[in-house]
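Q: Residues 3 to 272 (the working numbering) make up the sequence shown, in order.
C-beta atoms are modelled at their ideal positions from N, C-alpha and C, and glycine is treated no differently.
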Amino acid sequence: MERVDAAGIVGGGVLAGDRQPPDWERRIAERSEQHYRARLVQRLLVAWAVPGNLLLIGSAAMALSLWVSAIPAGVVFALAVASMALSGRFVYQQHFKVRAVESELRALECAYRENMLDELGSGDLLGLHKRYRAQLPDLVERYRGEARRDRSKDNVLQAVVIGGSIIAATVTAVSVSVVDVRGVAVALCLVVAVAAAFAGHAKYRYRAVACQQAADALDREYESVELRVGRYRRFDSEHEAYAEFADAVESLRAEQVRRLPSTAADGIGQ
Numbered sequence: 003m004e005r006v007d008a009a010g011i012v013g014g015g016v017l018a019g020d021r022q023p024p025d026w027e028r029r030i031a032e033r034s035e036q037h038y039r040a041r042l043v044q045r046l047l048v049a050w051a052v053p054g055n056l057l058l059i060g061s062a063a064m065a066l067s068l069w070v071s072a073i074p075a076g077v078v079f080a081l082a083v084a085s086m087a088l089s090g091r092f093v094y095q096q097h098f099k100v101r102a103v104e105s106e107l108r109a110l111e112c113a114y115r116e117n118m119l120d121e122l123g124s125g126d127l128l129g130l131h132k133r134y135r136a137q138l139p140d141l142v143e144r145y146r147g148e149a150r151r152d153r154s155k156d157n158v159l160q161a162v163v164i165g166g167s168i169i170a171a172t173v174t175a176v177s178v179s180v181v182d183v184r185g186v187a188v189a190l191c192l193v194v195a196v197a198a199a200f201a202g203h204a205k206y207r208y209r210a211v212a213c214q215q216a217a218d219a220l221d222r223e224y225e226s227v228e229l230r231v232g233r234y235r236r237f238d239s240e241h242e243a244y245a246e247f248a249d250a251v252e253s254l255r256a257e258q259v260r261r262l263p264s265t266a267a268d269g270i271g272q
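Given below as structure tokens:
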């Protein structure tokens, strides 16, 4: 039985078209699943590192402010310090694991698209439009990656604002009777105010929604032109359909640049 290598070559010849795409899709699906699991672990670690540690620090501050015996307060502080150190280390390690899986996934997708581009050729305008479409997933993934990063930043800031507000309110109430913790209450209120102001100025949630909407719109155009649905159902020839597709994609990209000038709007057709 002939062996199939990673490049899709059988006994010195290129693998037949009816078998190569499923092989590429299987490998891409496996890496996508690995990426999803790695991202899930990363989110859980970030949740531990930010709101979890804030709760531990707040508990330690409460134990100290209520003049609980020195041993429980010291234990809580030790747990908070150990938790911050461990969570920081795990978040750091998981970050590079996610990057490694993303690199493998991008390499597979790039190789798959290069194979498609070689088959399409570039001898006429229709071929150029099809090559343009084959490169579109790169831009879609860039928008979705930007949306994920902005959502993560917004979630971290909101966690600081919400968790810090709860802890600050508690410490402030305690400071009425315990004068020594008033400085802690002021510091917590300052942190919450800075986080809220930065979140309002950066508008990470708005940026994430805009990038996700642009990615979804481009993805719909990518599928619609191939299936001849939506705006493309009225075209009988591929030339007209793909010309309309190129115009629609360029319009969406231009709209995204107007909405978010600092986002990565370029990525194909250059």
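#1: Are there 16 or more other CB atoms within 10 angstroms of the CB of G165, so buried, or fewer, so exposed?
#2: Would you call the region 207-227 in contact with the region 149-161, where contact means no fewer than 3 C-beta pairs closer than 8 Å?
#3: Looking only at its own chain, which residues have a Cβ that is under 8 Å from the Cβ of L56, when we skip the five neighbours before and after it?
#4: Tell me the rounded alpha-carbon separation between S105 and G90.
#5: Does DSSP put R29 in a helix, a strand or coil?
#6: Would you mind reading off the limits of the alpha helix (DSSP H) that contains G232?
#7: May I have the straight-line CA-CA distance separating I30 from W50, to the nearest angstrom?
#8: Would you report the Cα separation of L192 and N157, rounded to the nearest angstrom?
#9: Out of S61, V259 and E35, which has the shortest C-alpha to C-alpha gap to F79?
#10: Between V52, K132, V103 and V196, which has its C-alpha nearest E242's C-alpha?
#11: Is the separation between the beta-carbon of R233 and that of E252 shorter than 8 Å?
A: Inspection of the coordinates gives the following:
#1: Working through the sequence shown from its first residue, we reach residue 165 at position 163. With 16 or more Cβ atoms within 10 Å of its Cβ, G165 is classed as buried.
#2: yes
#3: Translated into positions along the sequence shown, residue 56 becomes position 54. Only A161, V162, G165, G166 and I169 meet the Cβ criterion.
#4: As a position in the sequence shown, residue 105 is number 103, starting the count at 1. As a position in the sequence shown, residue 90 is number 88, starting the count at 1. The alpha-carbon atoms of S105 and G90 are separated by roughly 23 Å.
#5: Start at 1 with the first residue of the sequence shown, and residue 29 comes out as number 27. Here R29 sits in helix by DSSP.
#6: For this step, residue 232 is matched to residue 230 along the sequence shown. Here G232 belongs to no alpha helix (DSSP H), and DSSP marks it neither H nor E.
#7: As a first step, residue 30 must be located in the sequence shown, where it is residue number 28. As a first step, residue 50 must be located in the sequence shown, where it is residue number 48. Near 30 Å, if we compare the C-alpha coordinates of W50 and I30.
#8: Here residue 192 is taken as the residue at index 190 of the sequence shown, counted from 1. Here residue 157 is taken as the residue at index 155 of the sequence shown, counted from 1. Near 19 Å, if we compare the C-alpha coordinates of N157 and L192.
#9: Taking the sequence shown and counting its residues from 1, the one referred to as residue 79 is at position 77. Of S61, V259 and E35, the residue nearest in Cα terms is S61.
#10: As a working mapping, residue 242 is identified with position 240 in the sequence shown. Here the closest residue by C-alpha is K132.
#11: Position 231 of the sequence shown, counted from the start, is the residue given in the question as residue 233. Position 250 of the sequence shown, counted from the start, is the residue given in the question as residue 252. Not a contact, by the Cβ cut-off of 8 Å.
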